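Have a look at the structure below, then the notes.
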DNA sequence: TTCATTTTGTGCGATATACGAACAAATGTC
DNA sequence: GACATTTGTTCGTATATCGCACAAAATGAA
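Residue numbers (the numbering used here), protein chains in the order written: chain A, 2 to 256; chain B, 2 to 256.
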């Protein structure tokens with residue numbers, strides 16, 4: 002196991018249980034034991050024990066056939082959100098930013114190949130999907146993802162792209178790794194990223210990195226707008242000053 | 002449960018690990034092994050194994066002394082939010098409601114003695130605390146909490162109140178169980194609850210239950226407003242029609 | 001520095017869990 | 001109904017985990 006951790010310092014029953022929780026999702030709101038077993042690759046008997054444990058603890062409901070998660074599992078994510086000062090620090094600035102821009106504003110961090118929303122101030126709904134803290138988008142085709150990838154050493158960014166399924170969500174989605182790497186260089190040089198309907202037709206966005214006093218990138222900020230309302234080419238002109246302002250205001254406050 | 006489940010159907014290593022995750026929080030953003038052991042009441046060796054497991058899986062970072070949670074733990078809460086259709090169904094209606102009212106609108110469900118926010122459309126910030134999906138408030142002094150408690154059989158509501166720490170957040174907070182039970186009866190009869198600065202000075206709110214086609218209460222909706230802007234006595238007059246409208250529109254859509 | 005105190009790491013016996021397989025029950029198909 | 005298939009449950013045993021006791025390391029006070 003990577004570093005010097007001994008075998009006996011790993012609780013596999015815990016790891017298996019977490020895997021079972023993650024097996025639930027949009028397409029799998031309720032799972033039978035056999036389904037959860039297939040999704041996780043774990044033995045049916047093991048999955049059954051994990052699910053019954055979740056049920057016993059109140060993290061899941063069981064109707065004798067299907068298991069569903071209960072709101073209690075939100076405690077787990079909340080343990081992160083409340084333990085990490087960043088979301089609470091950023092939120093009021095997002096609110097202001099969103100109001101001034103008249104568009105939705107969000108903040109996110111990188112987790113593997115995805116960006117994870119940690120705070121959000123939404124105006125009108127523009128996306129078909131519903132974003133909230135904890136929501137995830139693939140990094141390669143999201144403005145905040147580009148900014149966060151650009152902040153990494155290029156080898157690391159390449160490594161992440163290599164294990165991403167680069168699919169064309171729209172005809173405009175960039176899926177060629179070399180083209181993406183080139184784009185990351187541009188983002189690094191210019192200090193912002195613009196996405197023009199690469200994730201969803203009709204939606205464009207602009208993002209900047211959020212840095213701490215030492216210049217380390219700790220998150221990304223963005224503004225998303227309907228393409229019908231603001232052309233992608235106008236995004237920088239219209240919103241970059243506001244984003245830079247917020248970026249500067251937050252810089253001394255984080256970490 | 003407690004019923005027919007056999008001892009061997011419970012994975013205590015998993016249960017202990019979940020307890021460790023929940024030990025993190027606002028006051029405890031970073032935990033040493035000894036601190037986590039104290040907070041959870043688990044043996045140090047056990048906590049250490051759980052924390053190293055979390056670290057190995059990428060749910061936690063370890064600097065050799067302190068553990069902190071990573072954004073990956075949001076996957077767990079997200080498993081609930083994306084697996085449960087309610088938040089996604091409710092969100093667009095909250096957006097509309099919030100816009101029409103010019104105030105923040107939220108939806109929540111009950112988890113133990115607390116309400117858990119599952120969706121939210123926020124206008125200007127009025128509370129000192131930052132609410133987002135996954136956030137929790139004590140049920141007894143929140144408008145949505147009153148509505149959700151009122152939907153339970155009275156013995157159950159009493160039981161929940163009995164294990165709640167009924168503290169006076171403000172001079173206006175109702176803390177007498179009998180007075181609260183009486184208020185729940187009123188809420189049940191009238192179909193809405195109003196809170197006048199019981200949680201925080203300067204904040205009042207009004208909530209209604211969200212019912213499915215069979216009349217079962219599945220969540221609560223509310224509108225929160227600054228007391229300086231809207232007196233509590235005006236809440237029903239100004240916002241109840243909007244809330245009722247949303248309630249009616251959602252009724253055939255949930256479950 | 002020394003000594004006391006707290007915290008962390010580890011070996012070990014007792015105990016709990018996972019695995020695979022076998023069985024039972026449910027479901028679907030003809 | 002008979003059969004095949006899937007799913008849930010139980011069981012024995014090999015293996016992993018727990019909690020304790022002790023050792024080592026870090027921390028702090030005098």
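We put the beta carbon where it would ideally sit given N, CA and C, even for glycine.
Quick caveat, the model's predicted, so the values are computed rather than measured.
Here residue 145 of chain B carries a helix assignment [DSSP, helix/strand/coil]. In this structure, residue 80 of chain B lies near residue 25 of chain A, with their beta-carbon atoms less than 8 Å apart.
Put simply, of A:255, A:252 and A:184 the residue whose alpha carbon is nearest the alpha carbon of residue 159 of chain A is A:184. Counted as a single uninterrupted DSSP element, the alpha helix (DSSP H) harbouring residue 13 of chain A occupies residues 13-24. Assignment of residue 176 of chain A by DSSP, reduced to helix, strand and coil, places it in the coil class.
Nearest neighbour of residue 245 of chain B by Cα position, chosen from B:198, B:210, B:109 and B:255, turns out to be B:210.
In this structure, the beta-carbon distance from residue 96 of chain B to residue 73 of chain A does not fall below 8 Å. Comparing alpha carbon positions, the residue from B:103, B:141 and B:108 closest to residue 124 of chain B is B:103.
Sorting B:136, B:173, B:115 and B:228 by C-alpha distance to the C-alpha of residue 150 of chain B places B:115 at the top. Ranked by how close their Cα comes to the Cα of residue 155 of chain B, the residues B:188, B:142 and B:139 have B:188 in first place.
Contact annotation: residue 109 of chain B and residue 206 of chain B have beta-carbon atoms that are not nearer than 8 Å. If only uninterrupted beta strand (DSSP E) runs of at least 3 residues are considered, those enclosed by the stretch 68-125 of chain A are 68-70, 105-112 and 115-122.
Contact between the stretch 29-45 of chain A and the stretch 235-249 of chain A is absent: fewer than 3 CB-CB pairs across the two stretches fall below 8 Å. Cβ proximity to chain B below 9 Å picks out 100, 109, 110, 111, 112, 113 and 117 from the stretch 98-117 of chain A.
When 7 Å is used as the limit between beta carbons, residue 80 of chain A is near these residues of chain B: 22, 23, 25, 26, 70 and 74, in chain order. Against chain A, the CB of residue 10 of chain B has a partner CB under 8 Å away; the residue lies at that interface. Using a CB distance cut-off of 8 Å, residue 51 of chain B counts as an interface residue toward chain A. Residue 133 of chain B belongs to the set of residues whose beta carbon lies under 8 Å from a beta carbon in chain A.
The beta carbon of residue 91 of chain B is closer than 6 Å to those of 108 and 120 in its chain, skipping five residues each way along the sequence.
Within chain A, 30 have C-beta atoms less than 8 Å from the C-beta of residue 86 of chain B, given in sequence order.
Contact annotation: residue 21 of chain A and residue 52 of chain A have beta-carbon atoms nearer than 8 Å. Within chain A, no C-beta atom comes less than 9 Å from the C-beta of residue 173 of chain B; the nearest is roughly 26 Å away. Nearest CB-CB separation between residue 137 of chain A and chain B: below the 8 Å threshold. Inter-residue distance for residue 175 of chain A and residue 161 of chain A is about 15 Å (C-alpha atoms, whole angstroms). The bridge partners DSSP lists for residue 207 of chain A are A:195 and A:224. Annotated three-state conformation of residue 61 of chain B is strand, per DSSP. For residue 241 of chain A, the enclosing alpha helix (DSSP H) begins and ends at 233-251.
DSSP places residue 255 of chain B outside both helix and strand once states are collapsed to three, so it counts as coil.
Here the alpha carbons of residue 167 of chain A and residue 142 of chain A stand approximately 9 Å from one another. In this structure, residue 18 of chain A sits near residue 12 of chain B, with a CB-CB distance shorter than 8 Å. Using a 10 angstroms sphere on the CB of residue 106 of chain A, the tally of other CB atoms reaches 16 or more, which defines it as buried.
Sixteen is the threshold: when 16 or more other Cβ atoms of the shown chains lie within 10 Å of the Cβ of residue 83 of chain B, as they do, the residue is buried. C-alpha of residue 77 of chain A to C-alpha of residue 242 of chain B: approximately 36 Å in a straight line. Beta-bridge annotation (DSSP): residue 49 of chain B is not paired with any residue.
Taken atom to atom, the span from the alpha-carbon of residue 222 of chain A to that of residue 190 of chain B is near 46 Å.
Distance between residue 197 of chain B and residue 208 of chain B, taken at the CA atoms: about 12 Å.
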